[in-house]
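Chemist: Residue numbers (this note's numbering), protein chains in the order written: chain A, 2 to 213; chain B, 2 to 213; chain C, 905 to 1237; chain D, 905 to 1237.
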Ligand SMILES: Nc1ncnc2c1ncn2[C@@H]1O[C@H](COP(=O)(O)OP(=O)(O)O)[C@@H](O)[C@H]1O
Ligand SMILES: Nc1ncnc2c1ncn2[C@@H]1O[C@H](COP(=O)(O)OP(=O)(O)O)[C@@H](O)[C@H]1O
Ligand SMILES: [Mg+2]
Ligand SMILES: [Mg+2]
Ligand SMILES: [Mg+2]
Ligand SMILES: [Mg+2]
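1. What residues from chain A crowd round residue 1121 of chain D, counting only those whose CB sits closer than 7 Å?
2. Residues of the segment 1194-1205 of chain D with a CB closer than 8 Å to any CB of chain C: list them in chain order, please.
3. Name the chain D residues that come within less than 9 Å of residue 70 of chain A, Cβ to Cβ?
4. Once DSSP output is grouped into helix, strand and coil, what is the label at residue 1012 of chain C?
5. Within a Cβ cutoff of 8 Å, which residues of the same chain sit near residue 153 of chain B, ignoring the five residues on either side of it in sequence?
6. Looking at the structure shown, is residue 94 of chain A part of a helix, part of a strand, or coil, going by DSSP?
7. Given a cut-off of 8 Å, decide if residue 1001 of chain D and residue 949 of chain D are closer than it, judged by their beta-carbon atoms.
8. Using the C-alpha atoms, what's the distance from residue 198 of chain A back to residue 167 of chain A?
9. Is any heavy atom of ligand 6 found at a distance shorter than 7 Å from the C-beta of residue 1018 of chain D?
10. With burial defined as no fewer than 16 other Cβ atoms inside 10 Å of the residue's Cβ, what is the status of residue 1046 of chain C: buried or exposed?
11. Residue 1125 of chain C and residue 36 of chain B: beta carbons closer than 8 Å?
12. Could you tell me whether the Cβ of residue 935 of chain D comes closer than 8 Å to any Cβ of chain A?
13. Along the chain, which unbroken stretches of the beta strand (DSSP E) at least 3 residues long are found entirely within the segment 949-993 of chain C?
14. Three Cβ pairs or more, each shorter than 8 Å: is that satisfied between the segment 1010-1027 of chain D and the segment 960-974 of chain D?
15. Rounded to whole angstroms, what is the Cα-Cα separation between residue 925 of chain C and residue 1213 of chain D?
16. Could you check whether residue 1038 of chain D and residue 1056 of chain D sit closer than 8 Å to each other, using their CB atoms as the reference points?
17. Residues in the same chain with beta-carbon distance under 7 Å from residue 1154 of chain C, minus the five sequence neighbours each way, listed in chain order, please.
18. Should residue 39 of chain B be counted as a contact of ligand 2 given a C-beta to heavy atom distance under 7 Å?
19. Listed in chain order, which residues of the segment 977-998 of chain C have Cβ atoms closer than 9 Å to some Cβ of chain B?
20. Could you spell out the range, first to last residue, of the alpha helix (DSSP H) harbouring residue 140 of chain A?
21. Under 8 Å, CB to CB, which of the residues in the segment 39-64 of chain A have a partner in chain D?
22. I'd like to know if residue 1112 of chain D contacts chain A, where contact means its C-beta is closer than 8 Å to some C-beta of that chain.
23. Output the distance between the C-alpha atoms of residue 958 of chain C and residue 1185 of chain C, rounded to the nearest integer angstrom.
24. If distances are taken between C-alpha atoms only, which option among C:1237, C:1026, C:1104 and C:1177 comes closest to residue 38 of chain B?
25. Taking only beta-carbon atoms, is residue 211 of chain A less than 8 Å away from chain D?
26. Does DSSP put residue 1194 of chain D in a helix, in a strand, or in coil?
27. Take residue 172 of chain A and list the residues in its own chain whose beta-carbon comes closer than 8 Å to its own, dropping the five residues that flank it on each side.
28. Return yes when at least one heavy atom of ligand 3 lies under 7 Å from the C-beta of residue 31 of chain A, else no.
29. Is it right to say residue 157 of chain B is buried, meaning 16 or more other beta carbons lie within 10 angstroms of its own, or is it exposed?
30. Could you pull out every unbroken beta strand (DSSP E) segment of at least 3 residues lying fully inside the segment 1178-1223 of chain C, listed in chain order?
31. Quick check: the segment 932-941 of chain C against the segment 1188-1198 of chain C, are at least 3 beta-carbon pairs closer than 8 Å?
32. Between which two residues does the beta strand (DSSP E) harbouring residue 1164 of chain C extend?
33. If the cut-off is 7 Å on Cβ atoms, which residues from the segment 1145-1170 of chain C count as contacting chain D, listed in chain order?
34. Report the neighbours of residue 1 of chain A on chain D: residues whose CB is nearer than 8 Å to its CB, in chain order.
35. What do you get for residue 193 of chain A, buried or exposed, if any count of 16 or more other CB atoms within 10 angstroms of its CB means buried?
36. Quick check: the segment 108-120 of chain B against the segment 11-21 of chain B, are there 3 or more CB pairs under 8 Å?
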């Protein structure tokens, strides 16, 4: 059975919980090479999302994702707001009208989300941004799709790829975002946005671990 | 042999040295119940006095003391400036034209100085001010004069009396000056102005210890 | 000690040099003795308004010299009243023939130094009136002590008296305005941190990370009580209550509400503070018709705020609104 | 954390409430989405000038809304760029039909949020131009990174563009003024202490008692180098050298010299700083014809300063001198 509309709601709520739990951690990462607000921003955004979600009522998954995107856009601020706002808006566009998602749908949605982030932020791989977690995650999904893996397995592989991508940001010198002001001094720190991206994908794999 | 004109110059220079040495201590006392500047103020004043003294050239003791008074008045500031300025100006008035001072002269000069301080600051005994060191010192001089003590002995007695007066300020609740804002909380601290007054008189007794 | 200074003993002089470079259109700076005068001083036929005090409270007083406010300011060493020769020379420099008002904050040193200066000026046939501001309700008023400290109302008096003098009111009338401010203004302050006097090099007092000092003086004089840090709203209540009950202000009164930074407290916190102060004043029926918000009478880099409430009548409102052109306050010109 | 606040999450809202109480003559405050507009907005036929950014830099930007400067300001959470809906609503609220200028500081978040807002506004048939200020020479300019940060010049651009808009210049002309400031202004800052973001509760970075950070950003972003504390004169040299050599300014140039407090540094130190900066500028043959000194673009309670040098031409001087009536800057009116 594919991912159901209600499952996506559960995922979003689990994301909100995960972001709240990791809020200080994300902010600490941002304090090292940014301005110490990424956790607080994301947490404020997802709390607002929880308040907004009921408005999506029994609408389709596209509406749910677009509601999340619009809410993040108007409550997160900073770089994270437009990027994650765009992420969910683009995912929402791809899933308009859908009441369930198979692996191909999810892969397509995430790819559109990634493209939106790249279009908005113009980051290239290796710039030490969330893109460095998202690209390998999307690639892993595509591979899993081709290999006909079950959804939960594919989600696990994409979360693991995101984690590797996230860890791989540590040695990088930032070329985008606030961390780029640091030049060489940005090396040796994990990128907060890559960390939050991994968190969302890891949460998907946990929330939907029984969907195959 | 009485106190010579040049001896008064030596006293002033020794005062400047003593004030410099005790500057941090005086400021610390002032930090506890005032505004942490008494030592710095006095030190700035006496440094200016050292620069000005040559102007008194070979003039009389009255001129020397008035020069000290005017200089303190225009460089110390705060409460200490007008009080010590008046102190030396009044002592200078009483010693106008004199090239030497016997014990009666010195006692009269100090009494005039004290009266000037009281006139200017309107402090009463027990208000926890420099007056509490000066009154017993002047009284001790008067007693010594009556008892026909040699000058150095009289100076020693007056310094000791000033020291007792200074120490007696510790339990007092301040009723004049900045310390009075503290009310009861001013008790338990030694008054900085009484401390600097004692310092000047103790220095006199040390500088002139061989004058009898 | 972390400060942008060179040698501690040069701070005031270098500050004055900076002011001289920065504001030649507003003021002239005189050195040895140090004072700051309006660039067009003396103004013929106008009462000269002079204030002064220790440095470390900037912009007060030098930042308030200019058209419509002070004619001269005498800065002392940091936290130390200036000396009579400064005030005397300033008094002579701004003497336009209509007399001089000395606005004095109630500190023993300020009182005595200004008193001597006024005596010397009178000896030179300059008419001088002195008004002593003593608005700090943190200190009990008493005939048997030095009385209350002079704080926030001083700047308000400088503005109103400066405007009155600009209108060519007589010395007595300008001094009357000052006495009105003295009578109708009350203040109280608090500190989150101490300040460090440059020549001392370490904080004047220790204030643990979880404590604050209520009723602090602008020279770091200890306050009424030390207590655990509270919320902004609770702190504002603790400051407003003694102010309002001291005078007392009554419902319907028009007031100026002045929320002041002690130096280290940024504007964002001043507005949070203002919000509650305004609400409390309004709850008491007071009409906040004018206000002043910013670092105006500071205590070096001390974090904290003070609140001043000044009862206004129609004339005072007009004087407040009159044009002023100084580095620290400016409008209408 | 020692601050005059209630709950960290309410700081910005309560600050805005304070502003609303304090300055009803100057501004209207709109909540949800949060923005501050001129009380007489929209002004028919006038270009609307808008800026915005994270809170914690007060008086920038809300303190510069009023006649002759900004039409609207959008405050984000502390140190966090505001969101497109704030900017869109502000844009609509001040649209007098002559187009809107967005003055944007060069931070990824600000850029993206303003970009989205501009797109949305254009979708509603409002003409929008955006100019990005990137004047911080502490950061190497590069096409391959986010480029230089926007700091002190932003406020100068707001003043000059506001004056140009008040003269009813066209959107292109007002934007041209902004581009001129972008090209002719350079800044650099330093910190003596960190600041504490309210919702974080502890200092953004540790700076030992004997160390300072040169090239700090206004959000506490680490600077170029950390080094032992030096004298004010040496520090000013370290800030002025990269500024002057970056542009380069040449002998005879007329400049505005802006010495800014990061929040916790008091005015007495700013004048000591200004003194040396003025001397260095003069030594290079620059003519300091205008200046600005104070806590203008702050970083909460951070102690430190930044210096901005803006090359001026005759038109810019006239625009600088034009009347302005805001809570943070006021003259001529
Ligand atoms: N141009 C960009 N493209 C993609 N991601 C970016 C870009 N710039 C910044 N980011 C991401 O945003 C994260 C910071 O987000 P956040 O702290 O919310 O914003 P801000 O830097 O405005 O405070 C960075 O860790 C990085 O992953
Ligand atoms: N009214 C007064 N009469 C006599 N002495 C006084 C009076 N007021 C203050 N003093 C003395 O002055 C001392 C403080 O001097 P100082 O620190 O130089 O001045 P300030 O209090 O202005 O900083 C006090 O310790 C006290 O001895
Ligand atoms: Mg951030
Ligand atoms: Mg003292
Ligand atoms: Mg003093
Ligand atoms: Mg941010």
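Beta carbons are placed, not taken as given, at the ideal position from N, Cα and C, and that holds for glycine.
Modeler: Let me lay it out:
1. On the fourth chain, residue 1121 of chain D is found 217 positions in, with the first residue counted as 1. Here the neighbours are 182.
2. 1195, 1197, 1199, 1202, 1204 and 1205
3. On the first chain, residue 70 of chain A is found 69 positions in, with the first residue counted as 1. Under the 9 Å cutoff, chain D gives no residues; its nearest Cβ is about 12 Å from residue 70 of chain A.
4. Position 108 of the third chain, counting from 1, holds the residue named residue 1012 of chain C. Here residue 1012 of chain C sits in helix by DSSP.
5. The count along the second chain starts at 1 and reaches residue 153 of chain B at position 152. Taken in chain order, the residues that qualify are 206, 209, 210, 211, 212 and 213.
6. Start at 1 with the first residue of the first chain, and residue 94 of chain A comes out as number 93. Reduced to three states, the DSSP call for residue 94 of chain A is helix.
7. In the fourth chain, the residue the question calls residue 949 of chain D occupies position 45. In the fourth chain, the residue the question calls residue 1001 of chain D occupies position 97. Yes.
8. Indexing the first chain from 1 puts residue 167 of chain A at position 166. Indexing the first chain from 1 puts residue 198 of chain A at position 197. Going from the Cα of residue 167 of chain A to the Cα of residue 198 of chain A covers about 8 Å.
9. Locating residue 1018 of chain D in the fourth chain gives position 114, counting from the first residue. No, the Cβ of residue 1018 of chain D stays beyond 7 Å of every heavy atom of ligand 6.
10. Residue numbering aside, residue 1046 of chain C sits at position 142 when the third chain is read from its first letter. Exposed, because fewer than 16 other Cβ atoms sit within 10 Å of the Cβ of residue 1046 of chain C.
11. On the third chain, residue 1125 of chain C is found 221 positions in, with the first residue counted as 1. On the second chain, residue 36 of chain B is found 35 positions in, with the first residue counted as 1. With contacts defined as CB atoms closer than 8 Å, residue 1125 of chain C and residue 36 of chain B qualify as a contacting pair.
12. Residue numbering aside, residue 935 of chain D sits at position 31 when the fourth chain is read from its first letter. Taking Cβ atoms only, chain A never reaches closer than 8 Å to residue 935 of chain D, which makes this a no.
13. 952-959 and 976-982
14. Too few Cβ pairs lie closer than 8 Å, so no.
15. By 1-based counting over the third chain, the position of residue 925 of chain C is 21. By 1-based counting over the fourth chain, the position of residue 1213 of chain D is 309. Straight-line Cα distance between these residues: approximately 16 Å.
16. As a working note, residue 1056 of chain D is residue 152 in the fourth chain. As a working note, residue 1038 of chain D is residue 134 in the fourth chain. Result no, Cβ atoms of residue 1056 of chain D and residue 1038 of chain D do not sit closer than 8 Å.
17. On the third chain, position 250 is the one that residue 1154 of chain C refers to. Nothing meets the Cβ criterion.
18. For the purposes of this step, residue 39 of chain B is identified with residue 38 of the second chain, where counting begins at 1. Because some heavy atom of ligand 2 lies under 7 Å away, the Cβ of residue 39 of chain B counts as near it: yes.
19. 980, 981, 982, 983, 984, 985, 986, 987, 988, 989 and 990
20. Numbered from 1 along the first chain, position 139 holds the residue referred to as residue 140 of chain A. Where residue 140 of chain A is concerned, the enclosing alpha helix (DSSP H) stretches over 132-147.
21. When CB distances to chain D are screened at a threshold of 8 Å, the residues of the segment 39-64 of chain A falling below it are 41, 42 and 45, in chain order.
22. Residue numbering aside, residue 1112 of chain D sits at position 208 when the fourth chain is read from its first letter. Not an interface residue.
23. Working through the third chain from its first residue, we reach residue 958 of chain C at position 54. Working through the third chain from its first residue, we reach residue 1185 of chain C at position 281. Taking the straight line from one Cα to the other gives about 32 Å.
24. Position 37 of the second chain, counted from the start, is the residue given in the question as residue 38 of chain B. For residue 38 of chain B, the nearest C-alpha among the options comes from C:1104.
25. As a first step, residue 211 of chain A must be located in the first chain, where it is residue number 210. Taking Cβ atoms only, chain D never reaches closer than 8 Å to residue 211 of chain A, which makes this a no.
26. On the fourth chain, position 290 is the one that residue 1194 of chain D refers to. Here residue 1194 of chain D sits in strand by DSSP.
27. For this step, residue 172 of chain A is matched to residue 171 along the first chain. For residue 172 of chain A, where only same-chain residues beyond five positions count, the Cβ hits under 8 Å are 188 and 189.
28. In the first chain, the residue the question calls residue 31 of chain A occupies position 30. Yes, the beta carbon of residue 31 of chain A sits closer than 7 Å to at least one heavy atom of ligand 3.
29. Start at 1 with the first residue of the second chain, and residue 157 of chain B comes out as number 156. Buried.
30. The qualifying runs are 1191-1198 and 1208-1215.
31. Look at the beta carbons and you see the segment 1188-1198 of chain C not touching the segment 932-941 of chain C: under three pairs across the two are nearer than 8 Å.
32. Locating residue 1164 of chain C in the third chain gives position 260, where the first residue counts as 1. Counting along the chain, the beta strand (DSSP E) containing residue 1164 of chain C begins and ends at 1158-1165.
33. 1167, 1168, 1169 and 1170
34. Limits of chain A in this structure are 2 at one end and 213 at the other, which puts residue 1 of chain A out of reach.
35. Within the first chain, the letter at position 192 stands for residue 193 of chain A. That one is buried.
36. no
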